[in-house]
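Residues in the sequence shown are numbered from 3 upward in steps of one, following our numbering.
Every residue gets a Cβ at the ideal spot worked out from N, C-alpha and C, and that includes glycine.
This report refers to the structure that appears directly beneath it.
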Amino acid sequence: MWRRATSLSSLIFSSSRRPLRDQQGAYSLKAWEFFCAEPFKGEGCLSKEKNLFITFVLGGPGSGKGTQCAKIVENFGYTHLSAGELLRQEIASNSEDGAVILDMIKEGKIVPSEMTVKLLKKEMESCDNGKFLIDGFPRNEENRIAFEQIIGAEPNSVLFFDCPEEEMIKRVLNRNEGRVDDNIDTIRKRLKVFAASHYPVIEYYSKKGKLYKIDAIGTEDEIFERVRPVFAACKGAH
Ligand SMILES: Nc1ncnc2c1ncn2[C@@H]1O[C@H](COP(=O)(O)OP(=O)(O)OP(=O)(O)O)[C@@H](O)[C@H]1O
Ligand SMILES: Nc1ccn([C@@H]2O[C@H](COP(=O)(O)O)[C@@H](O)[C@H]2O)c(=O)n1
Ligand SMILES: [Mg+2]
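Shown next as structure tokens:
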């Protein structure tokens with residue numbers, strides 16, 4: 003089941019911003035319960051130590067994940083963790099893992115999950131905020147399962163920025179941030195990897211009713227107005 007972000011805009015809030023039970027249809031109540039569900043708390047896991055509220059932010063290369071995450075942080079007080087950015091920082095640290103990661107990023111390949119989740123875990127543990135936007139992760143089923151096992155938590159919601167390939171290519175080629183993977187050869191490889199690996203992840207969260215598919219075509223502000231209702235629904239609950 004794909005959730006459409008815009009359908010949440012019909013939620014009616016009381017002064018405490020809780021949806022009014024008697025004015026809501028079953029759908030809205032379900033949305034509220036889902037957003038505000040207690041985080042998963044397994045033995046010895048990060049979520050046992052602090053209340054976590056996690057949103058995974060997915061989409062192809064250049065679909066606008068980082069751009070929209072910055073707006074969500076500004077408006078809703080999340081901590082943004084970009085898996086790609088953490089991997090690039092690891093490269094810059096000249097660690098042993100960094101050398102392996104660089105080779106994989108140049109080829110547009112997915113780094114072994116253990117390395118990526120280790121970096122995410124370190125950031126999550128050192129952060130006072132429990133509200134995380136995890137951008138560019140999970141890229142495949144291996145990433146997803148490793149996160150569940152190592153962090154001991156599931157996302158509360160998942161955003162998927164749906165963008166046509168030609169638009170993603172155009173955006174990445176115009177990005178101009180000096181990334182080693184922002185060239186046409188690597189972009190084509192990244193798009194192939196994305197096409198081959200993202201679907202099972204999307205499908206998994208869709209079946210769990212956690213997926214919000216966002217049309218990623220339009221201006222940055224137009225897209226954010228599609229994202230806003232997803233987060234506005236639970237503002238004040240944390
Ligand atoms: N709606 C938009 N319209 C046009 N350009 C955009 C839009 N959103 C973002 N951009 C630009 O497109 C480029 C890619 O955006 P962004 O870095 O947010 O994508 P991303 O999904 O994080 O990509 P990656 O997976 O490669 O990190 C950036 O230069 C950004 O400024
Ligand atoms: N879960 C992930 C995320 C990223 N990578 C590698 O980093 C590259 C850049 O990622 P962006 O999200 O910043 O586009 C990506 O192409 C992968 O090589 C990864 O392995 N696993
Ligand atoms: Mg990005």
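Hey, would you say Ile152 sits closer than 8 Å to Lys123, going by beta carbons?
For the purposes of this step, residue 152 is taken as the residue at position 150 of the sequence shown. For the purposes of this step, residue 123 is taken as the residue at position 121 of the sequence shown. Going by C-beta atoms, Ile152 is nearer than 8 Å to Lys123.
Rounded to a whole number of angstroms, what is the C-alpha to C-alpha distance between Val160 and Arg181?
On the sequence shown, residue 160 is found 158 positions in, with the first residue counted as 1. On the sequence shown, residue 181 is found 179 positions in, with the first residue counted as 1. So the two alpha carbons sit approximately 26 Å from each other.
Just jot down, in chain order, the residues whose CB lies closer than 5 Å to any heavy atom of ligand 1.
Result (chain order): Pro63, Gly64, Ser65, Gly66, Lys67, Gly68, Thr69, Arg173, Arg177 and Glu222.
Please classify Lys111: does DSSP put it in a helix, a strand, or coil?
On the sequence shown, position 109 is the one that residue 111 refers to. DSSP places Lys111 in coil when its eight states are reduced to three.
For Lys111, which residues of its own chain have a beta-carbon under 7 Å away from its beta-carbon, when the five flanking residues on both sides are left out?
Taking the first residue of the sequence shown as 1, we reach residue 111 at position 109. The answer, listed in chain order, is Val195.
Is it the case that the CB of Asp137 approaches a heavy atom of ligand 3 more closely than 7 Å?
Numbered from 1 along the sequence shown, position 135 holds the residue referred to as residue 137. Because some heavy atom of ligand 3 lies under 7 Å away, the Cβ of Asp137 counts as near it: yes.
So, with DSSP's three-state summary, where would you put Ile56?
By one-based count along the sequence shown, residue 56 stands at place 54. Ile56: strand per DSSP, three-state reduction.
Here's the rule: buried if 16 or more other CB atoms are within 10 angstroms of the residue's CB, otherwise exposed. What is Thr57?
Along the sequence shown, read from residue 1 onward, the residue named residue 57 stands at position 55. Flag for Thr57 reads buried.
Does the segment 133 to 149 touch the segment 59 to 72, meaning 3 or more C-beta pairs lie closer than 8 Å?
yes
Measuring only the C-alpha atoms, how far is Glu40 from Glu167?
Sequence index remark: in the sequence shown, residue 40 carries index 38 (1-based). Sequence index remark: in the sequence shown, residue 167 carries index 165 (1-based). Legend: pLDDT at Glu40 = 43, less than 50; position of this residue unreliable, no value from coordinates given.
Starting from the Cα of Leu121, find the closest Cα among Ser84, Phe163, Arg230 and Ile147 and give me that residue.
One-based indexing of the sequence shown puts residue 121 at position 119. Per the Cα distances, Ser84.
Could you spell out where the beta strand (DSSP E) holding Asp130 opens and where it closes?
The residue given as residue 130 occupies position 128 in the sequence shown. Here Asp130 belongs to no beta strand (DSSP E), and DSSP marks it neither H nor E.
Quick one: give me the first and last residue of the beta strand (DSSP E) that Val160 is part of.
As a working note, residue 160 is residue 158 in the sequence shown. Note, Val160: beta strand (DSSP E), Ser159 to Asp164.
Only counting the same chain, and skipping five residues up and downstream in sequence, which positions put a Cβ closer than 7 Å to that of Lys108?
By one-based count along the sequence shown, residue 108 stands at place 106. Answer for Lys108: Val182, Asp183 and Thr188, listed in chain order.
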